[in-house]
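See structure below.
In the numbering used here, the protein residues as written are -6 to 88.
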């Protein structure tokens, strides 16, 4: 059984569709990479999958007990990142 299934998924902002009729499955053990040009909808897709962005139409299903809050998403930049007083290197060195 698939861990994650997107079926006939349409996503976007303010009812404006930017990706339409997306269909895919992610099975246990799969590694996936979502690639595309800037502004092509990669982040919007991830935000929609984890519930930060509403679905325009279609469905996202999880299987085998996977919960949406167990799906990782790391944006390129966050508001806290700009103000954080230490670099990754400094945090790692500090133990």
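Cβ atoms here follow ideal geometry from the backbone N, Cα and C, with glycine treated the same way.
Can you give the beta carbon distance from residue -3 to residue 55, rounded, assuming they're within the 8 Å contact cut? Along the chain shown, read from residue 1 onward, the residue named residue -3 stands at position 4. Along the chain shown, read from residue 1 onward, the residue named residue 55 stands at position 62. Contact holds; Cβ gap of about 6 Å.
Could you spell out where the beta strand (DSSP E) holding residue 15 opens and where it closes? Your numbering for residue 15 matches position 22 in the chain shown. Start and end: 9 to 20.
State whether the stretch 9 to 24 contacts the stretch 34 to 48, with contact taken as three or more CB pairs (one from each stretch) at a distance under 8 Å. The way I'd put it, the stretch 9 to 24 does touch the stretch 34 to 48; three or more beta-carbon pairs between them come closer than 8 Å.
With a threshold of 6 Å on Cβ separation, who are the neighbours of residue 52 within its own chain once the five nearest residues in sequence on each side are excluded? Locating residue 52 in the chain shown gives position 59, where the first residue counts as 1. Correct list, in chain order: 0.
Starting from the C-beta of residue 34, find all residues in its chain whose C-beta is less than 6 Å away, skip the five residues before and the five after it, and write them out in chain order. Here the question's residue 34 lines up with position 41 in the chain shown. Excluding sequence neighbours, residue 34 sits near 11, 12.
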